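Chemist: Pasting a structure below so you can have a look.
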Amino acid sequence: CKEVITAVDFTPPEKPNPSQANMPTSPKVEVCLGCHRQIPWAWAPPIVMGGRHIEGTGEFVNPLVDELCSDCVDAAEKKKDDERRAQEQKQKLIELLGGERPYREFTFDRFRPEPANKAAFECAQAFDPHKDNLYLWGPCGVGKTHLLYAMARKGFEFGFSVVIFRPHQLMRRLRGRDPGEEQEIIDRISEKDVFILDELGAGADTAFARQIFQEILDARYFVYKAGLVVAGKYSPEQLVEKLDDDTIPSRLAGMCRVIRIGGRDHRIERRK
Numbered sequence: 001c002k003e004v005i006t007a008v009d010f011t012p013p014e015k016p017n018p019s020q021a022n023m024p025t026s027p028k029v030e031v032c033l034g035c036h037r038q039i040p041w042a043w044a045p046p047i048v049m050g051g052r053h054i055e056g057t058g059e060f061v062n063p064l065v066d067e068l069c070s071d072c073v074d075a076a077e078k079k080k081d082d083e084r085r086a087q088e089q090k091q092k093l094i095e096l097l098g099g100e101r102p103y104r105e106f107t108f109d110r111f112r113p114e115p116a117n118k119a120a121f122e123c124a125q126a127f128d129p130h131k132d133n134l135y136l137w138g139p140c141g142v143g144k145t146h147l148l149y150a151m152a153r154k155g156f157e158f159g160f161s162v163v164i165f166r167p168h169q170l171m172r173r174l175r176g177r178d179p180g181e182e183q184e185i186i187d188r189i190s191e192k193d194v195f196i197l198d199e200l201g202a203g204a205d206t207a208f209a210r211q212i213f214q215e216i217l218d219a220r221y222f223v224y225k226a227g228l229v230v231a232g233k234y235s236p237e238q239l240v241e242k243l244d245d246d247t248i249p250s251r252l253a254g255m256c257r258v259i260r261i262g263g264r265d266h267r268i269e270r271r272k
């Protein structure tokens, strides 16, 4: 008898992938405490050298960090960064406004509108540093400073550069400087997006103070720069008499929307 040999297709077995060597078929599953998703353990491939994996490498690893998945870890880190930036912004705003009290109290929400101050309140709320200049005048205690600081807060929160001065603070900043330093400070102040001067006309008036303020006004006026906010208890006409000079009142009247603010003296009212 002759043996009959039948050809049979033969495919040699595939060589095992070294990265999958000894890989278990049923990895563990963890539950994220943040989003509550079920996440299987992740396979960490073995280290391969010379076509062979190194013994002891290649294993499943826990995908959670402090029981949180990578998405929740990223979200937690972002929240921390946002809170840190918010705290930094708060401290900068407190410094700009001069303390915790104006930061806490001088907001639009805490202002009490009434007929005598309604126009000033609405103009302050709508103030746009890109195109508006504003001069508020009226008696003490009716909310001029409150509105100025509320505008400063809004401008700061919208990303504008803001400075706030009273006349004596501005003079203190410049006192004793040589001409070069003095001009550098004036230029830096004049370039701010929002320049706020409170209590114009209060206290002693000097030729030097007038000169500095005039330079700031002119620097903004000549380049069509808006964002000027000034407040005082004198109308432009009264300010001419107070200063015995019409240069600054005339410039303010030409640059600004002039609004009288009236009402009750809230400081005396609170005291009562």
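Each residue of the sequence shown is one higher than the last, beginning at 1 in this note's numbering. We put the CB at the ideal spot given by N, CA and C, even for glycine. Because the structure is a prediction, the values reported are computed rather than measured.
Along the chain, where does the alpha helix (DSSP H) that runs through PHE121 open and close?
Modeler: From DSSP, the alpha helix (DSSP H) with PHE121 extends over 118-125.
Chemist: Along the chain, which unbroken stretches of the beta strand (DSSP E) at least 3 residues long are found entirely within the region 51-119?
Modeler: Taking only runs of at least 3 residues, the beta strand (DSSP E) segments lying wholly in the region 51-119 are 59-61.
Chemist: Please check the pair CYS256 and LEU96, which I expect to be a contact at CB under 8 Å, by giving their CB distance rounded to whole angstroms.
Modeler: In fact, because the Cβ distance is near 22 Å, the residues do not count as touching under 8 Å.
Chemist: Counting beta carbon pairs with one atom in the region 108-117 and one in the region 142-162, are three or more of them shorter than 8 Å?
Modeler: Contact between the region 142-162 and the region 108-117 is present, because at least three Cβ pairs lie under 8 Å.
Chemist: Measure the Cβ-Cβ separation of GLY58 and PRO40 and say whether it is below 9 Å.
Modeler: No, the pair does not count as a contact, with Cβ atoms beyond the cut-off.
Chemist: Starting from the C-beta of LEU217, find all residues in its chain whose C-beta is less than 6 Å away, skip the five residues before and the five after it, and write them out in chain order.
Modeler: Closer than 6 Å at the Cβ level, and outside the excluded window around LEU217, lie ARG251.
Chemist: State the start and end residues of the unbroken beta strand (DSSP E) segment that holds TYR234.
Modeler: No beta strand (DSSP E) contains TYR234, which DSSP labels as neither H nor E.
Chemist: Answer with buried or exposed for ASN62, where buried requires no fewer than 16 other C-beta atoms within 10 angstroms of its C-beta.
Modeler: With fewer than 16 other Cβ atoms within 10 Å, it is exposed.
Chemist: Could you tell me which residues DSSP puts in a beta bridge with ILE186?
Modeler: Answer is none; ILE186 lacks a bridge partner.
Chemist: Could you spell out the range, first to last residue, of the beta strand (DSSP E) harbouring ARG260?
Modeler: Counting along the chain, the beta strand (DSSP E) containing ARG260 begins and ends at 257-260.
Chemist: Go ahead and pull the three-state DSSP assignment for LEU136.
Modeler: Three-state result, LEU136: strand.
Chemist: Throw me the rounded Cβ distance for the GLY138 and ARG264 pair, which I believe falls under 8 Å.
Modeler: Going by Cβ atoms, the distance from GLY138 to ARG264 rounds to 11 Å, so no, they are not a contact pair.
Chemist: Going by other Cβ atoms of all chains shown within 10 Å of its Cβ, with 16 needed for buried, is ILE248 buried or exposed?
Modeler: The residue is buried, with at least 16 neighbouring Cβ atoms inside 10 Å.
Chemist: Quick one: measure Cβ to Cβ for CYS72 and CYS32, integer angstroms, because I've assumed they're closer than 8 Å.
Modeler: 6 Å between Cβ atoms; contact.
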